[in-house]
Amino acid sequence: MTTEFEPVIGLEIHVQLSTRTKMFCSCALSFGEPPNTRTCPVCLGLPGALPVVNEKAIEYGLLIGLALGSDLADRSIFHRKNYFYPDNPKAYQISQYDEPLCRGGRLGDVRIHRVHLEEDAAKLVHAGSSGRIHGSETSVVDFNRCGTPLVEIVTEPDVRSAEQAREWLTLLRETLRQLGVSDVDMSQGSLRCDANVSIRPVGSEKFGTKTELKNMNSFAFLEQGIRAEIERQTEIKRSGGEVEQETLHFDPRTGHLTSLRSKEEAHDYRYFPEPDLVPIAITGEMLERARAALPELPTQRAERYERDLGLTADTAQLLSFRPELAEYFEAASAGNGAPAQVVANWLVNELAPRLGEQDPRESKVTPEAFGSFASLVAAKTVTPTAAKQVLDRLVAEGGDPEQIVEAEGLGAMQGGDELDAIIDAALAANADAAEKIKAGNMKAIGPIIGHVMRETKGRADGGEVTRIVRAKLGL
Amino acid sequence: MSDDVLDLTAAQAVEKIRAGELAAREVFAAYRERAAADDLNAFTWVTEDVPQNGAGADAPLAGVPVAVKDLFCTEGIPSQSGSRILEGYRPPYTATVVRKLQEAGSPILAKTNQDEFAMGSSNENSAFGPVLNPWDRTRVPGGSSGGSAAAVAAGRAPWALGTDTGGSIRQPAALCGIVGLKPTYGACSRYGMIAFASSLDQAGPLTRDVTDAALLFRHMIGRDPCDSTSLEFPGELELPSAERLDGLRFGVPEELSGEGIEPGVLETFQRTLDLIRELGGEVEPMKLPHAPHALSAYYILAPAEASSNLARYDGVRYGMRAEGATDLISMYTRTRHDGFGPEVKRRIMLGTYALSAGYYDAYYGRAQQVRTKIAEDFRTAFERYDFIVTPTAPSVAFELGAKTDDPWAMYINDYCTVPISLAGIPAISIPSGLSEGLPVGFQIAGPAFSENRLLDAAYALEQAIGFDGAKARAAA
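Sequence lines, in order, name chains A and B.
The first sequence begins at 1 in our numbering and counts up by one.
The second sequence begins at 1 in our numbering and counts up by one.
Spelled out as structure tokens, the structure:
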């Protein structure tokens, strides 16, 4: 008998804040400037330089805490995390340890452990084949990124699958994007996610030994990496082995996980309170300002769509977790009284897939046009089949849906001579089917409807055709 | 002419320049000449230029230049903190207090020798060699601001900047027969001071007399947006003028004024207490129960912070990088092996150990508790006393090499100064007489930001003591 295993996954997310200046100095944040042009004595860790906390970063941290429903500390302190590495010019990172800015909270179905502030490291570039510092011919350091404000969000181990990890991270990204505190771009490194993965026999309460996965710098890689690690651990367990606690590096080229040399990882960080900074006292005024700046968040928006507009939970979430869709949806359903459910369904199921990654607000289909399109569908002025053709035209060329329907003759065919004649021809061509229907087998109507749709180019309404067929057959 | 200038205190020189009776350039040139000819090894760098019209002659400090301890960053000027690892390092910016003095009209005359990274009490830990005491060249000037103290005592700088972490201004001031003020923690910006122990380091003046200390300090204080731990000084810093000590209460902690203090030092101390009484002050023995533990706590906390502060000297970006490294780790270890002296290494080891997982609570955590207790002792004491007084150092200047093999004998030098540092309160050392022909310092401590009262009391006492430091200047 093989044991079934359950993955237990916790995520650690680093978010670069989009403040104007760095965490502890007044250097502007860098966006691809020439190396080492956004630096000063503080972020270079020169002798004698001292950090000063960026208040905006605190404000953003509070905003994130509020959005995640965390407990916000009224007093919070920074610690030094000591380790030697060339990307770390002071040889310590100013971070938070046992008095973080926020504790607890929840986003969707995952509980938050803590949220804290820290500073980013510099960027290392290694010359030579290894691509890593060990074995590189030379390594150079670009300090532009050094000192960029980071928020670290640590979840509880509530995630149970690679897919859930990916979905949840999407929700987090949208929440942060909505807050306007970060560019949240995984490919640019402004959103980074590490995963702690372990497995345990289903039903067991005890956690297994976890491994830490790093360097999964896209949503797909995150899912891929976690999936690979779950498989790896399951195989080890099945063959009677023990998972070793280690840090694994995801290689996007191969999709494989490799163990980082323990030398790089075996740290005693010797945390102690940063004596160069005074404790952060969170005032009522700061909290008020953060609360006032809090926008409607994706989860709240989804609830509102479900509750007030009657959207299904799935559709509500799909719209809400992509703010550009949500905004488009609200614009399209605003003006011309198009029913929200129809707008939502056609947006999620038809328009969005046609646009792929493109933002609908930047497509040729204006929200107004999409609204009137949805109204046509709702009023059955076009059949669903014809509507898809109209949408194709809108996506390709833009324009007014009503004019397209008229010009292309795609309007739904009302009952009448023309339709009568086509149905008669269809019955004649499918005499067998007609007999079966008469004998009570309504499933046989398929070929007849198919014939009619072919002849009318989908303009006929399926329900109407069925009604006429039944009448003609005296049912 | 030069000798006349030399007889003036810095404040007197400022006054004469402002009155048009003396040229700023003349003062600068006289001191530059003496500094350049220095044979006490007090300096690590002396300016080549004499400002044409005297920089800032119309400013409050009238162009009277200042000698600056090596560990203050000074733009384009070597700032090495007495260490091989920073040899030749020229920072791209200037420390806030130095800049403030420049703006007030006191240009940089020279950089002064010091114990490496301010770790030491004899100046023998400098990578650039020991400094000699102008009172007796076979003896140490104290440390870590030994170069600043010797330079002022020997009349090779009108006044000087030092830093004090556990006694590094007060003890060398005492051993060289000059005045040294360790301000309230936060009174002066630490921005640009090469850090030893961040929660203790404070800049302060080393001067010929109390008035000079007040005048220089006046232009150093103030909140600095670049130092989160700095604070605005409450009110104005006045020049001292008190002649009497009527009604003031002076507490003499038993723990810091008996055992372990040299008899000659104690004698001078007792005579100074008598002078306080003569000036109308009350002197009372009292207790600081936790003070005996101060040194132990200090030698956990200061090295812990230092181990982190000094980790940045890794050869990657500036300063020394050892030759022949084959990979990253060997570059780190060789650079730090070659770049740091033995005392610095000792403290890095101590501090690293104290912060290590599993030891943190027993060492660092415990030491912080002791620190809190000591601060409470002082707070309680100041409910009854205006000032706490002790000998500054347990002995007069000792012979070069006498204590270099015994770290604890060296650390004991700070026995009376360290408790005050841990409490973050201000203290001043003034010369109170001679023992065996060598100066003895008298330390007065007051509550946080009591510098005005502290300087006033020190001034009144200074007048009564009438200490004469001319011998050291003449010998030099």
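Yeah, the Cβ is synthetic: ideal placement off N, Cα and C, and Gly gets one too.
Amino acids of chain A, ordered along the chain, whose beta-carbon sits closer than 9 Å to that of residue i
i: B/ASP338; result: By Cβ distance, chain A contributes nothing, its closest Cβ being about 16 Å from B/ASP338, past 9 Å.
i: B/ASP227; result: LEU50, VAL52, ASP276
i: B/TYR487; result: As displayed, chain B neither begins before 1 nor continues past 476, which places residue 487 of chain B out of reach and without an answer.
i: B/ARG190; result: GLY48, LEU50, ASP276
i: B/LEU422; result: Here the premise fails: no neighbours, minimum Cβ distance about 13 Å.
Residue i (DSSP reduced to helix, strand or coil)
i: B/TYR364; result: helix
i: B/HIS219; result: coil
i: A/ARG160; result: coil
i: A/PRO201; result: strand
i: A/THR456; result: helix
i: B/PRO407; result: helix
i: A/TYR271; result: coil
i: B/THR207; result: strand
i: B/ARG32; result: helix
i: A/ARG393; result: helix
i: A/GLY450; result: helix
i: A/GLN358; result: coil
i: A/TYR92; result: strand
i: A/GLU264; result: Any reading at A/GLU264 must be qualified, since the residue scores a pLDDT of 48, below 50, and its modelled position is unreliable; the value itself is stated next. The answer is helix: DSSP assigns A/GLU264 an H, G or I state.
i: A/ILE468; result: helix
i: B/GLY264; result: helix
i: B/ASP327; result: coil
i: B/LEU245; result: coil
i: A/PRO100; result: coil
i: B/PHE250; result: strand
i: B/THR335; result: helix
i: B/PHE269; result: helix
i: B/MET1; result: Residue placement at B/MET1 is poorly supported in this model, since its pLDDT is 44, which falls under 50; the coordinates still yield a value, given next. Residue state, collapsed to three classes: coil.
i: B/ILE412; result: helix
Per-residue contacts from residue i into chain A (C-beta, under 7 Å)
i: B/LEU355; result: ARG270, PHE272
i: B/ASP314; result: PHE84, ALA91
i: B/MET193; result: GLY48
i: B/SER144; result: Per Cβ cutoff of 7 Å: no residues; B/SER144 is ~16 Å from chain A at best.
i: B/SER198; result: PRO275, ASP276
CA nearest to the CA of residue i, picked from the options
i: B/ASP164; options: B/ALA470, B/TYR31, B/PRO426; result: B/PRO426
i: A/PRO157; options: A/PRO298, A/PRO7, A/ILE236; result: A/PRO7
i: B/PRO51; options: B/TYR313, B/PRO107, B/GLU238, B/PHE117; result: B/PRO107
i: B/GLN102; options: B/ARG317, B/ALA67, B/THR272; result: B/ALA67
i: A/ALA57; options: A/THR39, A/ASP120, A/LEU11; result: A/ASP120
i: B/ASP224; options: B/ARG366, B/VAL97, B/ASP414; result: B/VAL97
i: A/ARG320; options: A/THR312, A/ASN441, A/ALA338, A/THR299; result: One point to set straight first is that residue 320 of chain A is Ser, not Arg, in the sequence displayed. Of the listed residues, the one whose Cα sits closest to A/SER320 is A/THR299.
i: B/ILE430; options: B/ARG321, B/ASN41, B/LEU455, B/PRO419; result: B/LEU455
i: B/ALA297; options: B/MET119, B/MET286, B/VAL370; result: B/VAL370
i: B/SER145; options: B/LYS182, B/ARG34, B/THR138; result: B/LYS182
i: B/PRO419; options: B/LYS403, B/GLU15, B/GLN270, B/ILE388; result: B/ILE388
Contacts that residue i makes with chain B (C-beta to C-beta distance below 7 Å)
i: A/PRO35; result: Neighbours of A/PRO35 on chain B: none; closest Cβ ~13 Å, over 7 Å.
Per-residue contacts from residue i into chain B (C-beta, under 8 Å)
i: A/ARG80; result: SER308
i: A/LEU44; result: ARG317
Chain A contact residues for residue i, given Cβ-Cβ distances below 8 Å
i: B/TYR332; result: PHE84
i: B/LEU86; result: PRO47
beta-carbon residue i near the ligand COA non-hydrogen atom, thresh 7 Å
i: B/ALA311; result: Of ligands this structure carries none, so the ligand COA is not represented either.
- Secondary structure, alpha helix (DSSP H): runs of 4+ residues fully inside the stretch 296-355 of chain A: For the stretch 296-355 of chain A, the full-length alpha helix (DSSP H) segments reaching 4 residues or more read 298-309, 313-320, 323-332, 340-346, 352-355 along the chain.
- Task: Report the residues of the stretch 296-320 of chain A with a CB closer than 8 Å to any CB of chain D, ordered along the chain.
- Result: Going by chain labels, chain D is absent from the structure shown, which instead holds the protein chains A and B.
- Query: Mind pulling the beta strand (DSSP E) runs of 3 or more residues that sit fully within the stretch 124-185 of chain B?
  - Reply: 159-164, 179-182
- Message: List, from N- to C-terminal side, the alpha helix (DSSP H) runs of 4 residues or more that fit wholly inside the stretch 65-132 of chain B.
- Response: 96-103
- Task: Go through the stretch 352-402 of chain B residue by residue and report every complete run of the beta strand (DSSP E) that reaches 3 residues or more, in order.
- Result: 387-391
- Message: Taking beta-carbon pairs under 7 Å, can you tell me which members of the stretch 294-313 of chain B lie near chain A?
- Response: ALA304, GLU305, SER308, ALA311, ARG312
- Report the residue ranges of all beta strand (DSSP E) runs contained in full by the stretch 218-256 of chain A; include only those spanning at least 3 residues, in chain order. 247-251
- Message: Give me the subset of the stretch 42-75 of chain B whose CB atoms are less than 7 Å from a CB atom of chain A, sorted by chain position.
- Response: Under the 7 Å Cβ criterion, the stretch 42-75 of chain B contributes CYS73.
- Residues within the stretch 349-375 of chain B neighbouring chain A, beta-carbon criterion of under 8 Å: THR352, LEU355, SER356, ALA357, TYR360, TYR364
- Item | Runs of beta strand (DSSP E) wholly within the stretch 4-46 of chain A (minimum 3 residues, chain order) | Within the stretch 4-46 of chain A, the complete beta strand (DSSP E) runs of at least 3 residues are 5-16.
- Length at least 4, wholly inside the stretch 146-192 of chain A: the alpha helix (DSSP H) runs in chain order: 162-179
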